[in-house]
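Read top to bottom, the protein sequences are chains A, B and C. Residue numbering for the first sequence is 1 to 283, as defined by my numbering. Residue numbering for the second sequence is 1 to 201, as defined by my numbering. Residue numbering for the third sequence is 1 to 322, as defined by my numbering. These notes are about the structure you will find just below.
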Amino acid sequence: MNYEAGMKGGWGAEGAVGLGLEGQRLASGAEAGVPALRVCELSYRYPQGRVALEKVSFSVAPNECIGVLGPNGAGKSTLLLHLNGLLPDPLPKEPDIRVEDKPLVAGTVDLIRQRVGLLFQDPEDQLISASVFEDVAFGPRQMGVSGPDLRGLVERCLGLVGLKGFEGREPHRLSHGEKRRVCLAGVLACGPSVLVLDEPSSGLDPRGRREFKAMLRGLPGAKLIATHDLELVVDLCSRVLILDGGRLVAEGPTLSLLSNQELMLAHGLEKPHSLLHHHPHGC
Amino acid sequence: MRLPETESRPCTALHRASPRVKLVAALMLAAFTALLPRRLGPVYFAPAAVLGGLWLASRMPLLYGLRRLLLAQTFILGIALLCLFSPSARPGFPATVCKSNLCVLALLVLGWTTPFPELLQALRRMRLPAVMLTSLALMYRYLPVLAEEARRMERARACRTFSRKRRMAWQNLGVILGRLFVRTAERAERIYLAMCARGWR
Amino acid sequence: MHLPDGFLDAKTALLSTGAAAAGVGLALRQARRTLEPRQMPMLGLAAAFVFAAQMLNFPVGGGTSGHLLGGVLTAVLLGPAAAVVVMTCVLVVQCLVFNDGGLLALGANVFNMAIVNTCGGFLVFRLLKRVMRMEDNRATVFAAAFAGWFGTVLASITCAGQLALSGQSPWSVAFPAMALVHMVIGVGEGLATALITMAVLRARPELVAGTDGEARAPARGVLGYGLLIALGLVVFVAPFACPWPDGLEAVAKSLGFASQAAPPLIKGPVSEYRLPFISSMAAATAAAGVIGAILAFIGAYGLARFLAPGLDAAKKDAPSGN
Numbered sequence: 001m002n003y004e005a006g007m008k009g010g011w012g013a014e015g016a017v018g019l020g021l022e023g024q025r026l027a028s029g030a031e032a033g034v035p036a037l038r039v040c041e042l043s044y045r046y047p048q049g050r051v052a053l054e055k056v057s058f059s060v061a062p063n064e065c066i067g068v069l070g071p072n073g074a075g076k077s078t079l080l081l082h083l084n085g086l087l088p089d090p091l092p093k094e095p096d097i098r099v100e101d102k103p104l105v106a107g108t109v110d111l112i113r114q115r116v117g118l119l120f121q122d123p124e125d126q127l128i129s130a131s132v133f134e135d136v137a138f139g140p141r142q143m144g145v146s147g148p149d150l151r152g153l154v155e156r157c158l159g160l161v162g163l164k165g166f167e168g169r170e171p172h173r174l175s176h177g178e179k180r181r182v183c184l185a186g187v188l189a190c191g192p193s194v195l196v197l198d199e200p201s202s203g204l205d206p207r208g209r210r211e212f213k214a215m216l217r218g219l220p221g222a223k224l225i226a227t228h229d230l231e232l233v234v235d236l237c238s239r240v241l242i243l244d245g246g247r248l249v250a251e252g253p254t255l256s257l258l259s260n261q262e263l264m265l266a267h268g269l270e271k272p273h274s275l276l277h278h279h280p281h282g283c
Numbered sequence: 001m002r003l004p005e006t007e008s009r010p011c012t013a014l015h016r017a018s019p020r021v022k023l024v025a026a027l028m029l030a031a032f033t034a035l036l037p038r039r040l041g042p043v044y045f046a047p048a049a050v051l052g053g054l055w056l057a058s059r060m061p062l063l064y065g066l067r068r069l070l071l072a073q074t075f076i077l078g079i080a081l082l083c084l085f086s087p088s089a090r091p092g093f094p095a096t097v098c099k100s101n102l103c104v105l106a107l108l109v110l111g112w113t114t115p116f117p118e119l120l121q122a123l124r125r126m127r128l129p130a131v132m133l134t135s136l137a138l139m140y141r142y143l144p145v146l147a148e149e150a151r152r153m154e155r156a157r158a159c160r161t162f163s164r165k166r167r168m169a170w171q172n173l174g175v176i177l178g179r180l181f182v183r184t185a186e187r188a189e190r191i192y193l194a195m196c197a198r199g200w201r
Numbered sequence: 001m002h003l004p005d006g007f008l009d010a011k012t013a014l015l016s017t018g019a020a021a022a023g024v025g026l027a028l029r030q031a032r033r034t035l036e037p038r039q040m041p042m043l044g045l046a047a048a049f050v051f052a053a054q055m056l057n058f059p060v061g062g063g064t065s066g067h068l069l070g071g072v073l074t075a076v077l078l079g080p081a082a083a084v085v086v087m088t089c090v091l092v093v094q095c096l097v098f099n100d101g102g103l104l105a106l107g108a109n110v111f112n113m114a115i116v117n118t119c120g121g122f123l124v125f126r127l128l129k130r131v132m133r134m135e136d137n138r139a140t141v142f143a144a145a146f147a148g149w150f151g152t153v154l155a156s157i158t159c160a161g162q163l164a165l166s167g168q169s170p171w172s173v174a175f176p177a178m179a180l181v182h183m184v185i186g187v188g189e190g191l192a193t194a195l196i197t198m199a200v201l202r203a204r205p206e207l208v209a210g211t212d213g214e215a216r217a218p219a220r221g222v223l224g225y226g227l228l229i230a231l232g233l234v235v236f237v238a239p240f241a242c243p244w245p246d247g248l249e250a251v252a253k254s255l256g257f258a259s260q261a262a263p264p265l266i267k268g269p270v271s272e273y274r275l276p277f278i279s280s281m282a283a284a285t286a287a288a289g290v291i292g293a294i295l296a297f298i299g300a301y302g303l304a305r306f307l308a309p310g311l312d313a314a315k316k317d318a319p320s321g322n
């Protein structure tokens with residue numbers, strides 16, 4: 001399935017899949033030097049008092065793909081929830097996060113949520129409507145799209161994820177991989193410039209993983225992938241962040257970090273199979 | 001929990017008709033039938049014929065319809081039997097059972113030709129409050145999910161239960177349902193976040 | 001207790017639907033005011049939970065099994081306003097998708113099971129919690145157990161009243177049949193309610209919202225449900241249960257029912273039956289109800305002591321200052 005083909009003039013800088021939201025869009029990240037996402041000394045404490053994140057700082061360039069690794073409980077999911085303003089509640093007056101150089105505060109959160117698309121770990125939680133069409137249409141509807149524009153948009157997004165013709169299907173009869181792709185279509189339908197994915201390949205069988213990987217590779221824009229799937233990171237990500245205990249303990253190019261056996265083992269990870277035997281996958 | 005399978009249903013004119021029209025028609029049919037006199041008479045043929053015709057037009061399988069009607073008898077007869085105990089109400093028994101069954105049939109045809117999400121659209125146009133509509137939609141969507149979770153938890157418990165005592169069964173069910181409630185509340189929280197992530201207010 | 005169509009006459013159906021609409025409207029308004037946006041999805045999810053819970057078999061013995069109704073449980077866990085909305089959703093889906101309960105009878109079913117059962121039970125729950133001198137968890141379990149029984153029985157009584165008012169079945173038959181059966185069913189309901197509440201209290205006590213006091217159920221709101229239930233009892237039950245036939249003639253005339261063709265029923269069972277054992281069935285049932293309530297009270301107390309014994313002991317053992 002060739003996902004790249006649908007990409008020409010698809011979504012991204014020039015119109016968010018034809019949504020025509022120019023009037024409301026933030027400055028396009030294609031402007032030179034402006035990072036798609038910048039996080040400065042982000043800290044977060046759970047209501048019970050436990051530290052979840054401690055002074056995490058990094059930035060993501062407009063078309064970069066970054067992997068976020070770390071043991072369970074390191075704070076990966078919590079970090080992801082901050083990137084579109086779901087946490088903290090309420091948002092701070094002094095923003096720690098800037099999306100395309102706009103600060104993430106209460107006044108801009110609605111716009112930023114459209115620019116930062118978050119794919120949740122369990123597709124069951126994100127697929128809330130009675131039919132695939134309704135679910136993919138959920139985001140655009142909130143933004144005021146309706147009628148034939150909406151139908152065309154949903155069709156395009158379903159085509160992007162390889163689920164053409166699935167509009168009338170019922171969510172609980174889909175396979176796990178199909179559910180996840182519907183969720184991705186729903187996120188893409190909002191026209192984001194930054195895709196944030198929480199464990200996108202978990203629960204997929206090997207073919208599902210391969211197809212999902214190919215699909216992700218074909219999507220333009222910045223991507224941040226939190227995952228345990230080290231092979232996915234080797235294949236897709238140019239840079240890697242390692243979180244442990246809420247702190248950013250390492251940051252750097254994928255191959256050099258992941259080849260560092262000591263570093264990986266120290267933070268509950270391991271050297272991926274493809275690097276162990278010196279044959280990067282070509283998939 | 002098997003939600004009715006709607007994807008493989010035939011597409012008749014009735015299926016394509018407006019859900020609002022169908023809902024109102026079902027209501028009017030049921031009202032007409034319920035208001036019939038409490039004695040069986042030729043007037044009962046009218047709704048029976050209409051419903052029979054609708055059954056045919058909707059191409060509802062005979063066995064499916066009969067099975068659902070049979071299931072409905074437990075409730076209908078259960079309450080109808082109460083009027084057998086009174087000399088003044090006894091003659092009304094056959095008429096009441098007939099009326100009930102005709103009304104169930106009306107609902108059956110409605111359910112067969114109109115998937116629940118379409119009924120919700122009809123209710124939305126009839127100005128049902130938004131909170132009710134969202135709740136009904138979410139309930140319908142997550143029924144099979146929660147039912148599956150409950151079944152899985154029951155199975156897991158069964159693997160570790162070695163006594164057939166009723167007391168254990170009740171206590172286990174209590175724990176399972178308690179845990180299911182907690183997981184449901186946590187899932188509701190995640191659903192809220194996912195809805196907000198796509199712009200819901 | 002789901003009434004199918006064809007049993008209620010027009011006036012009863014309209015009255016019950018009106019009462020149901022009022023109750024649900026009240027609950028929706030209260031829910032909008034007291035629930036935060038992040039709790040809104042829980043309404044739908046809780047409805048799915050109640051439905052899933054109703055599917056599980058509680059073994060009763062002799063090969064039969066019972067099922068949870070869940071109204072009082074939902075009120076204890078989510079508060080009365082949310083519970084009314086949740087139970088209404090359950091009843092609507094049961095009617096439209098599973099044909100369990102009639103379409104025209106939906107109003108009556110909602111009134112009985114989503115308002116009388118849920119809020120009547122909740123009122124008793126709150127009252128008991130306030131009145132009993134018990135430590136918190138045990139009081140909650142005890143109150144939930146008794147309220148579960150009480151709510152079931154109360155709903156069955158209004159249901160019987162609706163059948164009687166419709167002329168479908170005389171009060172002297174409907175009331176004993178419904179009330180006695182549900183006094184037994186209510187035991188299972190109360191037991192299940194207590195067990196599940198205890199399990200949630202152990203795992204995540206903050207999820208039991210019904211104990212939140214003023215936050216979830218402001219006194220004014222709870223009063224509203226109480227009034228509605230009282231009205232329901234006046235309309236559906238009082239004409240039959242009232243021991244003063246002349247008084248009820250007057251009530252019936254003023255409410256416009258005396259002119260209806262159907263009832264010699266409104267005159268009371270005495271005029272219809274000469275057989276002493278039947279005419280006193282209603283009185284016997286009422287007496288059984290009082291005894292049943294006392295037994296349920298004692299049973300609930302014992303159950304609470306059994307399920308929540310440890311907290312006092314734990315408090316004694318735990319080192320002070322943590």
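No residue lacks a Cβ here, since even glycine has one placed at the ideal position from N, Cα and C. Since the structure is predicted, the reported quantities are computational estimates derived from the model, not experimental observations.
Checklist entry - In terms of alpha-carbon separation, which member of 112/C, 38/C, 141/C and 48/C lies closest to residue 231/C? => result Start at 1 with the first residue of the third sequence, and residue 231/C comes out as number 231. Out of 112/C, 38/C, 141/C and 48/C, 112/C has the C-alpha closest to the C-alpha of residue 231/C.
Checklist entry - Listed in chain order, which residues of the region 104-121 of chain B have Cβ atoms closer than 8 Å to some Cβ of chain C? => result Going along the region 104-121 of chain B in chain order, one finds 104, 106, 107, 108, 110, 111, 116 and 119 with a Cβ nearer than 8 Å to chain C.
Next on the checklist: Counting only C-beta atoms, is residue 128/B closer than 8 Å to chain A at any point?
Outcome noted: Counting from 1 along the second sequence, the entry for residue 128/B is found at position 128. The beta carbon of residue 128/B does not come within 8 Å of any beta carbon belonging to chain A, so the residue lies off that interface.
Item to check | DSSP state of residue 58/A mapped onto helix, strand, coil | outcome: What you label residue 58/A is simply residue 58 of the first sequence in a count that begins at 1. The answer is strand: DSSP assigns residue 58/A an E or B state.
Next on the checklist: Among 16/B, 188/B, 108/B and 85/B, whose alpha-carbon lies nearest the alpha-carbon of residue 67/B?
Outcome noted: Translated into the one-based positions of the second sequence, residue 67/B becomes position 67. Checked all of 16/B, 188/B, 108/B and 85/B; the closest Cα to residue 67/B is 108/B.
Checklist entry - Between the C-alpha atoms of residue 18/A and residue 91/A, what's the straight-line distance to the nearest angstrom? => result Numbered from 1 along the first sequence, position 18 holds the residue referred to as residue 18/A. Numbered from 1 along the first sequence, position 91 holds the residue referred to as residue 91/A. Interpretation of residue 18/A is limited by its pLDDT of 38, a score under 50 that renders its predicted location unreliable; the figure taken from the coordinates is listed afterwards. Cα-Cα distance, rounded: 31 Å.
Checklist entry - So what does DSSP say about residue 93/A, is it helix, strand or coil? => result As a working mapping, residue 93/A is identified with position 93 in the first sequence. Of the three classes helix, strand and coil, the one that applies to residue 93/A here is coil, per DSSP.
Item to check | Coarse secondary structure for residue 128/A, derived from DSSP in three states | outcome: Position 128 of the first sequence, counted from the start, is the residue given in the question as residue 128/A. Under the three-state reduction of DSSP, residue 128/A is assigned to coil, being neither helix nor strand.
Checklist entry - Under the three-state reduction of DSSP, which class applies to residue 307/C: helix, strand or coil? => result Mapped onto the third sequence, residue 307/C falls at position 307. The DSSP-derived three-state label of residue 307/C is helix.
Checklist entry - Roughly how many whole angstroms lie between the Cα atoms of residue 132/A and residue 122/C? => result Taking the first residue of the first sequence as position 1, residue 132/A is located at position 132. Taking the first residue of the third sequence as position 1, residue 122/C is located at position 122. Roughly 39 Å between the two C-alpha positions.
Checklist entry - In chain C, which residues lie with their C-beta within 7 Å of the C-beta of residue 175/B? => result Counting from one through the second sequence, the residue named residue 175/B turns up at place 175. Within 7 Å Cβ-Cβ: 199.
Item to check | residue 216/B and residue 133/B closer than 8 Å at C-beta | outcome: The requested residue 216/B is not part of the displayed model; chain B covers only 1 to 201.
Checklist entry - To the nearest angstrom, how far is it from the Cα of residue 40/C to the Cα of residue 131/B? => result On the third sequence, residue 40/C is found 40 positions in, with the first residue counted as 1. On the second sequence, residue 131/B is found 131 positions in, with the first residue counted as 1. Rounded to the nearest angstrom, the two C-alpha atoms are 8 Å apart.
Item to check | Other residues of its chain near residue 56/C: CB distance less than 8 Å, five sequence neighbours each side excluded | outcome: Locating residue 56/C in the third sequence gives position 56, where the first residue counts as 1. Excluding positions up to five away in sequence, the list reads 67 and 68.
Checklist entry - DSSP beta-bridge partners for residue 154/B? => result Here residue 154/B refers to the residue found at position 154 when the second sequence is read from its first residue. According to DSSP, residue 154/B bridges with nothing at all.
Checklist entry - Within the 8 Å Cβ cut-off, does residue 123/B reach chain A? => result For this step, residue 123/B is matched to residue 123 along the second sequence. It does not; no Cβ of chain A falls within 8 Å.
Item to check | Chain-ordered neighbours of residue 128/A on chain B, where CB pairs are closer than 9 Å | outcome: Numbered from its first residue, the first sequence carries residue 128/A at position 128. Chain B residues near residue 128/A: 137, 138, 141, 142, 191, 194 and 195.
Checklist entry - So does residue 199/B have its beta carbon nearer than 7 Å to some heavy atom of the ligand NAP? => result The model on display carries no ligand, and the ligand NAP is accordingly not part of it.
Next on the checklist: If we define contact as Cβ-Cβ less than 8 Å, is residue 151/B a contact residue for chain A?
Outcome noted: Within the second sequence, numbered from 1, the residue matching residue 151/B stands at position 151. No, because no Cβ of chain A sits closer than 8 Å to the Cβ of residue 151/B.
Checklist entry - Since residue 193/B contacts residue 81/A with CB under 8 Å, what's their CB separation in whole angstroms? => result For the purposes of this step, residue 193/B is taken as the residue at position 193 of the second sequence. For the purposes of this step, residue 81/A is taken as the residue at position 81 of the first sequence. Residue 193/B to residue 81/A, Cβ: 7 Å. Contact.
Checklist entry - Quick one: Cα of residue 248/A to Cα of residue 117/C, how far? => result Counted from its first residue, the first sequence places residue 248/A at position 248. Counted from its first residue, the third sequence places residue 117/C at position 117. Each residue's alpha carbon lies about 54 Å from the other.
Item to check | Rounded Cβ spacing between residue 129/A and residue 135/A (contact assumed at less than 8 Å) | outcome: Your numbering for residue 129/A matches position 129 in the first sequence. Your numbering for residue 135/A matches position 135 in the first sequence. That pair is a contact at about 4 Å.
Next on the checklist: Tell me whether the region 158-175 of chain B and the region 70-82 of chain C touch, counting them as touching only if at least three CB pairs, one residue from each stretch, are closer than 8 Å.
Outcome noted: No, because fewer than three Cβ pairs between the region 158-175 of chain B and the region 70-82 of chain C fall closer than 8 Å, the two stretches do not touch.
Checklist entry - Looking at the structure shown, is residue 34/A part of a helix, part of a strand, or coil, going by DSSP? => result Along the first sequence, read from residue 1 onward, the residue named residue 34/A stands at position 34. Here residue 34/A sits in coil by DSSP.
Item to check | Identity of the residue in 156/C, 162/C and 190/C nearest residue 178/C by Cα | outcome: Walking along the third sequence from the start, residue 178/C turns up at place 178. Cα-wise, what sits closest to residue 178/C is 156/C.
Checklist entry - Can you give the beta carbon distance from residue 77/A to residue 226/A, rounded, assuming they're within the 8 Å contact cut? => result Locating residue 77/A in the first sequence gives position 77, where the first residue counts as 1. Locating residue 226/A in the first sequence gives position 226, where the first residue counts as 1. By a beta-carbon distance limit of 8 Å, residue 77/A contacts residue 226/A. Their separation comes to about 7 Å.
Checklist entry - residue 65/C by DSSP, collapsed to three states: which one? => result Taking the third sequence and counting its residues from 1, one reaches residue 65/C at position 65. The three-state secondary structure of residue 65/C, taken from DSSP, is strand.
Item to check | Bounding residues of the beta strand (DSSP E) (the contiguous stretch that carries residue 115/C) | outcome: Mapped onto the third sequence, residue 115/C falls at position 115. Run containing residue 115/C: none; DSSP gives neither H nor E here.
Checklist entry - Are there 16 or more other CB atoms within 10 angstroms of the CB of residue 6/C, so buried, or fewer, so exposed? => result Walking along the third sequence from the start, residue 6/C turns up at place 6. Buried, because 16 or more other Cβ atoms sit within 10 Å of the Cβ of residue 6/C.
Next on the checklist: Can you look up residue 248/A in the DSSP assignment and give me helix, strand or coil?
Outcome noted: Numbered from 1 along the first sequence, position 248 holds the residue referred to as residue 248/A. Here residue 248/A carries a strand assignment [DSSP, helix/strand/coil].
Checklist entry - So who's on the other strand from residue 44/A, going by DSSP bridges? => result For this step, residue 44/A is matched to residue 44 along the first sequence. Its beta-bridge partners are 53/A.
Item to check | Chain-order list of residues whose beta-carbon lies under 6 Å from that of residue 171/A (same chain, five-residue window excluded) | outcome: Within the first sequence, residue 171/A is the residue found at index 171, counting from 1. The answer, listed in chain order, is 127.
Checklist entry - Does any C-beta atom of chain B lie closer than 8 Å to the C-beta of residue 86/A? => result Walking along the first sequence from the start, residue 86/A turns up at place 86. Answer yes: the Cβ-Cβ gap between residue 86/A and chain B drops below 8 Å somewhere.
Next on the checklist: Can you tell me whether residue 17/B is buried or exposed? The criterion is at least 16 other CB atoms within 10 Å of its CB, across all chains shown.
Outcome noted: For the purposes of this step, residue 17/B is taken as residue 17 along the second sequence, with counting starting at 1. Exposed, because fewer than 16 other Cβ atoms sit within 10 Å of the Cβ of residue 17/B.
Checklist entry - Which whole runs of the alpha helix (DSSP H) in the region 53-111 of chain B are 4 residues long or more, in chain order? => result The DSSP assignment places complete alpha helix (DSSP H) segments of no fewer than 4 residues inside the region 53-111 of chain B at 62-80, in order along the chain.
Next on the checklist: Quick check on residue 69/A: does DSSP put it in helix, strand or coil?
Outcome noted: Within the first sequence, the letter at position 69 stands for residue 69/A. Three-state DSSP puts residue 69/A in a strand.
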